[in-house]
Amino acid sequence: MPKLPYWMLSSVLFIAVNTTAMTVETPPVESFEGVLRMNPWQKGSDSYCAGGSEYFVLQQADGQEIVLATPEDVSTWQEFVDQKVSIQGVFETKILPTASESSDEPMLEQRPVVPMGAVLTCELLVVDSLTLTP
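In mature numbering (1 follows the signal peptide of the UniProt record, and there is no 0), the protein residues as written are -21 to -1, 1 to 113.
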């Protein structure tokens, strides 16, 4: 078997390592069942994370709620509120800006109160499909 020149071997290794490093892992699609609820606005991280307004959650049988990313057209989900649904989607972690004492930004009053310098993160389920279940 012929030996590869050193420069060729290092080039192949460089390409293999960089190709592996550039691969973005796609989050797994997960399935859940529960009752679709619309929660009112509140001064809390769930409401703020979901867009600072009323927001949708999936209430599971054990009482836990999954905050859902609000669809662009909210009316598409209105007919499913308070009904048992099956949802498929992927979780997305958001890092949200927090208010500082000197901030002049609008909508400051809607932001959750967190300690100075703290980072506010939240997890939303980005829904791929939503269907009624019997």
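C-beta atoms are modelled at their ideal positions from N, C-alpha and C, and glycine is treated no differently. Predicted model only: the values in this text are computed from it and were never measured.
Looking at Val53: is its Cβ nearer than 8 Å to the Cβ of Val8? As a first step, residue 53 must be located in the sequence shown, where it is residue number 74. As a first step, residue 8 must be located in the sequence shown, where it is residue number 29. No, the pair does not count as a contact, with Cβ atoms beyond the cut-off.
Which whole-angstrom value describes the C-beta separation of Val36 and Leu111, a residue pair presumed to lie in contact below a C-beta threshold of 8 Å? Counted from its first residue, the sequence shown places residue 36 at position 57. Counted from its first residue, the sequence shown places residue 111 at position 132. That belief does not hold up - the Cβ atoms of Val36 and Leu111 are roughly 17 Å apart, past 8 Å.
Taking 8 Å as the threshold (C-beta atoms), are Val60 and Met17 in contact? To locate residue 17, count along the sequence shown from 1; it is residue 38. To locate residue 60, count along the sequence shown from 1; it is residue 81. In this structure, Val60 lies closer than 8 Å to Met17 by Cβ.
Per-residue DSSP class, three states only, for Gln39: Counting from one through the sequence shown, the residue named residue 39 turns up at place 60. Note: Gln39 maps to coil in three-state DSSP.
Considering Cα atoms alone, identify which of Gln67, Asp41 and Asp25 is closest to Tyr34. Within the sequence shown, the letter at position 55 stands for residue 34. That would be Asp25, whose Cα lies nearest to the Cα of Tyr34.
When DSSP labels each residue in this structure, what does Ser26 get in the three-state scheme? Position 47 of the sequence shown, counting from 1, holds the residue named residue 26. It is helical.
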